[in-house]
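Residue numbers (mature numbering (1 follows the signal peptide of the UniProt record, and there is no 0)): -23 to -1, 1 to 120. For every residue, glycine included, the Cβ atom is placed at its ideal position computed from N, Cα and C. Contents: one structure, followed by commentary.
And the structure:
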């Protein structure tokens, strides 16, 4: 009886010791974001389906905080698409960046009711996204 108990404890210890080791290969070079026009177009398609884009004046600005944060992270991707064919993307990226900064500066992420200056800021953000999307969609269509 004592031998079985000892064997069971040892077996359990070996199993648990195996759990402490690495569960799989370590990812290499993570954090790379695809920055080609198609990847950006996909992101913009998702953003333009959001209610913070389709009806910004009707949204509680607080509810659009994640949306605005994601757009703020997209500005760099937009800038990477600036080329001789589309130099206006830089100005559009600046406008989006400025509008995201205005949302943050006004602390719109704490405003719970629509119909205030933060709603106008959300409209300006939506307009910027629309303008960028038009250029990116044209870039993809025309190569």
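Find the nearest neighbour of residue i within the set the options, judged by alpha-carbon distance.
i	options	result
residue 122	97, 69, 38 and 47	Nothing about residue 122 can be reported from this structure: the residues present for the chain run from -23 to 120 only.
residue 90	83, 51 and 35	35
residue 39	17, 92, 59 and 54	92
residue 110	85, 58 and 87	58
residue 42	66, 75, 85 and 14	85
residue 25	14, 108 and 62	108
residue 50	60, 71 and 37	71
residue 37	75, 88, 30 and 119	88
Are residue i and residue j close, meaning C-beta to C-beta below 7 Å?
i	j	result
residue 99	residue 77	no
residue 73	residue 96	no
residue 45	residue 80	yes
residue 17	residue 54	yes
Using a 10 Å radius around the Cβ and a threshold of 16 neighbouring Cβ atoms, would you call residue i buried or exposed?
i	result
residue 28	exposed
residue 103	buried
residue 19	exposed
residue 117	exposed
residue 23	exposed
residue 64	exposed
residue 33	buried
residue 94	exposed
Report the three-state DSSP secondary structure of residue i (helix, strand or coil).
i	result
residue 109	helix
residue 25	coil
residue 91	coil
residue 116	helix
residue 60	coil
residue 13	coil
residue 35	helix
residue 83	coil
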